[in-house]
Structures are given as C-alpha cells and as structure tokens.
Amino acid sequence: MSQTGHKDYAGDKLGMWLFLFTELLLFGGLFLMYAVYLDRYPQEFAAAGHQLNWVLGMANTMILLTSSLFAAMAVSAVQQGEKRQAVGMIIGTILCASGFMAIKYAEWSAKISHGIYPGSELMKAGAPGESVFFSLYYLTTGIHGLHVLIGGALLGWVGIKVSRGQVHKHDYVLLENGALYWHLVDLIWIFIFPLYYLML
Amino acid sequence: MSIEQCEHHIISFGKLTAVWLVLLILTGLTVLITRIDLGGYKVLGALAIACLKSGLVIAFFMHMRYEGRLLRWFLFLTLATLAIFIGFTFFDVLYR
Numbered sequence: 001m002s003q004t005g006h007k008d009y010a011g012d013k014l015g016m017w018l019f020l021f022t023e024l025l026l027f028g029g030l031f032l033m034y035a036v037y038l039d040r041y042p043q044e045f046a047a048a049g050h051q052l053n054w055v056l057g058m059a060n061t062m063i064l065l066t067s068s069l070f071a072a073m074a075v076s077a078v079q080q081g082e083k084r085q086a087v088g089m090i091i092g093t094i095l096c097a098s099g100f101m102a103i104k105y106a107e108w109s110a111k112i113s114h115g116i117y118p119g120s121e122l123m124k125a126g127a128p129g130e131s132v133f134f135s136l137y138y139l140t141t142g143i144h145g146l147h148v149l150i151g152g153a154l155l156g157w158v159g160i161k162v163s164r165g166q167v168h169k170h171d172y173v174l175l176e177n178g179a180l181y182w183h184l185v186d187l188i189w190i191f192i193f194p195l196y197y198l199m200l
Numbered sequence: 201m202s203i204e205q206c207e208h209h210i211i212s213f214g215k216l217t218a219v220w221l222v223l224l225i226l227t228g229l230t231v232l233i234t235r236i237d238l239g240g241y242k243v244l245g246a247l248a249i250a251c252l253k254s255g256l257v258i259a260f261f262m263h264m265r266y267e268g269r270l271l272r273w274f275l276f277l278t279l280a281t282l283a284i285f286i287g288f289t290f291f292d293v294l295y296r
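Just so you know, the sequences run in chain order A and B. The first sequence begins at 1 in my numbering and counts up by one. The second sequence begins at 201 in my numbering and counts up by one.
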C-alpha cells in the first residue's frame with residue numbers, strides 16, 4: 001500500500017500550539033492596553049463597566065465553558081471511535097457558539113442604540129476614561145467575537161469530515177487542533193468577563 | 201505512519217464533566233468576590249480565579265497535563281513573555 005502522504009501528528013499539534021501562543025500575545029496586547037488605561041482612569045472604568053450587564057456576561061461565560069466541554073468530549077469520542085457521539089458534541093459546541101453570538105449581538109445593539117460606540121457624540125462629549133473603556137470593550141469583544149465565528153466555522157468544517165469518516169481515531173489531529181482553537185476562545189473570555197463586566 | 205491508539209491519553213467524559221463543574225463554581229465565585237467591597241483587591245481576586253480557571257482549561261480541556269516537556273516549556277515561555285510585556289510596561293506607567 002502506498003503512503004497517502006507524510007503525516008506528522010506531533011508536528012501538526014506543535015504548529016497549532018505555536019499559533020495559539022501568537023494569539024495569546026495578540027490578546028495580551030489588548031489586555032495590556034486595558035491595564036494601562038485602568039491605571040489612568042480607575043473611576044471612569046468602574047463607572048463604565050457598571051453599564052455592562054454582568055448577568056449576560058456570566059451567561060456567556062457559562063455558555064463558552066460548556067462549549068469547551070463539548071469540544072473536549074468530541075476529541076475523546078473520536079479517539080474511541082464513537083463517530084456519532086463526536087458529531088453530536090461538535091454540533092453542541094456550535095450551538096453554544098451561536099448562543100454566545102446571539103447574546104453578544106443583543107448587547108452590542110443595545111449599547112449602539114443608546115449612542116455608546118467608538119466615535120459617537122455621547123462618547124466624544126463624555127469623560128475620556130469612559131470612551132477609552134468602551135473603545136477597548138468593542139475592540140476586544142469584537143476581535144474575540146471574530147474568533148468565535150472563525151472557530152465555529154472551523155469546527156463545522158471538521159465536523160463534516162468526522163461524519164464522512166475522513167477524521168477518525170487513527171487520524172484526528174484536525175479535530176484536536178480545531179478544539180484547541182476553540183479552547184483558546186474560551187480562555188480569552190475567561191479574562192474578558194471579570195475585567196469588563198465585574199469592575200463595578 | 202498511523203498513530204497508535206495507546207500513545208494518546210484519552211480523557212474520560214466523567215473527568216471532563218468534573219472539570220467543567222469546578223469551572224462553573226469558580227465562575228460563580230468570581231461574581232461573588234466582586235460583589236463585596238474589597239477595593240483594589242477585587243481585581244486581584246477576580247484575576248487570581250481567572251488564572252485558576254484558565255489553568256484548568258489548559259491542563260485538562262487542552263490536554264496540556266498529558267503533553268510532553270516541549271509544549272509545556274513553550275507555554276511557560278509564552279506566559280513569561282506576557283508577564284514581562286505587561287510587567288515592564290508598568291515600570292513606566294506606574295511612575296509617571
């Protein structure tokens with residue numbers, strides 16, 4: 001039997017982790033900005049944070065934690081050859097992702113309809129610390145939301161491959177890497193939640 | 201060359217669910233700890249719990265607990281880089 005191609009499980013996984021490290025540094029930069037401006041405008045940050053709905057933030061945290069659970073379970077399922085279970089778990093992850101995006105959409109549209117967005121008249125007229133907080137909020141949750149969409153699409157694509165048997169217990173690094181990307185999305189939110197929502 | 205099944209540690213659904221429950225509890229704790237008026241320690245407390253949560257996600261959900269030295273070293277290097285990145289910036293910011 002001829003080789004279908006060179007496979008390098010360890011290399012594939014290492015490559016994904018290296019990419020995730022660059023993502024950590026990307027969001028690290030955003031958190032650094034938050035830290036510097038928090039130091040400069042502590043009261044305004046607390047006041048602005050008060051305007052975010054922590055119940056929704058907490059709901060989103062729990063949704064993402066659950067989605068991470070499903071993604072990890074999907075990997076375990078494929079490792080054991082449980083194809084249907086794995087596909088089910090991936091669908092669960094994507095449903096959670098949709099729930100997260102729905103709540104995020106509701107939050108953003110509520111804020112925007114109240115005139116709170118980068119460059120709005122309200123922000124320009126208000127305290128500088130407040131507009132910095134909201135600019136950082138939109139930037140960070142925006143880039144994070146983009147990652148949720150990308151991660152969801154990625155897992156959807158991998159899920160199709162699992163259902164077709166192209167990703168299976170002897171070659172599942174695609175799913176593992178997709179799940180790793182998903183866990184990163186969860187990790188970032190674990191920090192976004194207390195910093196932006198609980199700073200009352 | 202195909203991967204041998206036994207090489208790779210499979211985390212059971214039970215264990216994953218247990219980690220998830222702890223994560224949910226820690227989330228609740230984060231909310232509680234910020235309802236009390238601790239001043240600046242609120243941030244520290246919330247961030248400390250966030251670090252614990254991320255540690256659990258990385259160790260179990262992302263399998264790091266069962267990975268080799270190379271990956272763990274790289275992770276440590278990344279976190280050290282971040283710490284320096286943020287820490288050294290504050291050598292400037294705090295003394296302006």
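Note that beta-carbon positions come from the ideal geometry of N, C-alpha and C, so glycine has one too.
Amino acids of chain A, ordered along the chain, whose beta-carbon sits closer than 7 Å to that of B:W273: If you number the second sequence from 1, residue 273 of chain B lands on position 73. Those within 7 Å of B:W273 in chain A number zero; the least Cβ separation is about 11 Å.
Excluding the five sequence neighbours on either side, which residues of its own chain have a C-beta within less than 6 Å of the C-beta of A:H147, listed in chain order? Residue mapping note: residue 147 of chain A aligns to position 147 of the first sequence, counting from 1. Answer for A:H147: V185, listed in chain order.
DSSP state of A:D171 mapped onto helix, strand, coil: Residue 171 of chain A sits at position 171 when you count from the first residue of the first sequence. Reduced to three states, the DSSP call for A:D171 is strand.
If you follow the alpha helix (DSSP H) that A:I203 is in, where does it begin and where does it stop? No statement about residue 203 of chain A is possible, as the shown extent of chain A runs from 1 to 200 and does not include it.
With distances taken Cα to Cα, identify the nearest neighbour of B:I286 among A:D171, A:I192 and A:Y34. Mapped onto the second sequence, residue 286 of chain B falls at position 86. Nearest to B:I286 by C-alpha distance, out of A:D171, A:I192 and A:Y34, is A:Y34.
Would you verify that the beta carbon of B:I211 is, or is not, closer than 9 Å to some beta carbon of chain A? Counting from 1 along the second sequence, the entry for residue 211 of chain B is found at position 11. Yes, B:I211 counts as interfacial toward chain A.
Short-range partners of chain A found in the stretch 240 to 262 of chain B, where Cβ spacing is below 8 Å: K242, V243, A246, L247, I249, A250, K253, S254, V257, I258, F260, F261 and M262
Under 9 Å from the C-beta of B:I236: neighbouring residues of chain A: What you label residue 236 of chain B is simply residue 36 of the second sequence in a count that begins at 1. Near B:I236 there are no residues of chain A at all, since even the closest Cβ is about 11 Å away, more than 9 Å.
Is there a C-beta anywhere in chain B that falls below 9 Å from the one on A:R84? Along the first sequence, one-based indexing puts residue 84 of chain A at 84. At a cut-off of 9 Å, the C-beta of A:R84 has no neighbouring C-beta in chain B.
Could you name the residues of chain A that B:L282 contacts, counting a contact when the two beta carbons are closer than 8 Å? Counting from one through the second sequence, the residue named residue 282 of chain B turns up at place 82. Residues of chain A passing the Cβ test: L24, L25 and G28.
List, in order along the chain, the chain B residues whose C-beta lies closer than 8 Å to that of A:I190? As a first step, residue 190 of chain A is located in the first sequence; it is residue number 190 there, counting from the start. Within chain B, the residues near A:I190 are A250, K253, S254 and V257.
Using DSSP with H/G/I as helix, E/B as strand and the rest coil, what is A:G119? Within the first sequence, numbered from 1, the residue matching residue 119 of chain A stands at position 119. When DSSP states are grouped into helix, strand and coil, A:G119 belongs to the coil group.
Any idea what DSSP makes of A:L187, helix, strand or coil? Here the question's residue 187 of chain A lines up with position 187 in the first sequence. Helix.
Within its chain, find whatever has a CB closer than 7 Å to the CB of A:I192; leave out the 5 residues flanking it on each side and keep chain order. In the first sequence, residue 192 of chain A corresponds to position 192, counting from 1. Same-chain partners within the cutoff: T140, T141 and H144.
Thinking C-alpha only, which one of A:L195, A:H183 and A:L174 is nearest A:G11? As a working mapping, residue 11 of chain A is identified with position 11 in the first sequence. Cα-wise, what sits closest to A:G11 is A:L174.
Using a Cβ-Cβ cut-off of 9 Å, state whether B:F290 counts as contacting chain A. In the second sequence, counting from the first residue as 1, residue 290 of chain B sits at position 90. Yes, because at least one Cβ of chain A sits closer than 9 Å to the Cβ of B:F290.
Buried or exposed for A:G159, please, with buried defined as at least 16 other CB atoms from any protein chain shown within 10 angstroms of its CB. Position 159 of the first sequence, counting from 1, holds the residue named residue 159 of chain A. Counting Cβ neighbours within 10 Å, A:G159 comes out buried, since at least 16 surround it.
Exposed or buried, A:K124, counting other C-beta atoms within 10 Å across all chains shown (16 or more means buried)? Taking the first residue of the first sequence as 1, we reach residue 124 of chain A at position 124. Looking at its Cβ environment, which holds fewer than 16 other Cβ atoms inside 10 Å, A:K124 is exposed.
Would B:L238 pass as a contact of B:G245 if the rule is Cβ separation under 9 Å? As a first step, residue 238 of chain B is located in the second sequence; it is residue number 38 there, counting from the start. As a first step, residue 245 of chain B is located in the second sequence; it is residue number 45 there, counting from the start. Yes. Within cutoff.
With respect to the alpha helix (DSSP H) encompassing B:T234, which residues constitute its N-terminal and C-terminal limits? Working through the second sequence from its first residue, we reach residue 234 of chain B at position 34. Unbroken run through B:T234: none, as it is neither H nor E.
Hey, does A:P128 have any beta-carbon neighbour from chain B nearer than 9 Å? The residue labelled residue 128 of chain A in the question sits at position 128 within the first sequence. Closer than 9 Å: no.
Ordered list of alpha helix (DSSP H) runs contained in the stretch 229 to 288 of chain B, each at least 4 residues: Listed in chain order, the alpha helix (DSSP H) runs fully inside the stretch 229 to 288 of chain B are 241 to 256, counting runs of at least 4 residues.
Any C-beta of chain B within less than 8 Å: which residues of the stretch 45 to 72 of chain A qualify? W54, M58, T61, M62, L65, T66, S68, L69, A71 and A72
State buried or exposed for B:Q205, treating a residue as buried only when at least 16 other CB atoms are found within 10 Å of its CB. Taking the first residue of the second sequence as 1, we reach residue 205 of chain B at position 5. Caution applies to B:Q205, whose pLDDT of 41 falls short of 50 and renders its modelled position unreliable; the value that the coordinates give is listed next. Burial call: exposed.
Interface residues of chain B around A:H183 at Cβ under 7 Å? Residue 183 of chain A sits at position 183 when you count from the first residue of the first sequence. Neighbours of A:H183 on chain B, chain order: V257, F261 and M262.
Can you give the beta carbon distance from A:T66 to B:W220, rounded, assuming they're within the 8 Å contact cut? Along the first sequence, one-based indexing puts residue 66 of chain A at 66. Along the second sequence, one-based indexing puts residue 220 of chain B at 20. The Cβ separation is near 7 Å, so the contact holds.
Measuring CA to CA, which of A:Y172, A:H6 and A:L198 is closest to B:I210? Position 10 of the second sequence, counting from 1, holds the residue named residue 210 of chain B. Here the closest residue by C-alpha is A:Y172.
Any C-beta of chain B under 9 Å from that of A:Q43: The residue given as residue 43 of chain A occupies position 43 in the first sequence. Not closer than 9 Å to any Cβ of chain B, the Cβ of A:Q43 fails to qualify, so no.
Unbroken alpha helix (DSSP H) run spanning A:L154, endpoints: Residue mapping note: residue 154 of chain A aligns to position 154 of the first sequence, counting from 1. From DSSP, the alpha helix (DSSP H) with A:L154 extends over P128 to S163.
Is B:L224 helix, strand or coil by DSSP? Residue mapping note: residue 224 of chain B aligns to position 24 of the second sequence, counting from 1. Correct three-state label for B:L224: helix.
Please compile the residues from chain A whose C-beta is within a distance smaller than 8 Å of the C-beta of B:I286. Locating residue 286 of chain B in the second sequence gives position 86, counting from the first residue. G28, F31, L32 and A35, listed in chain order.
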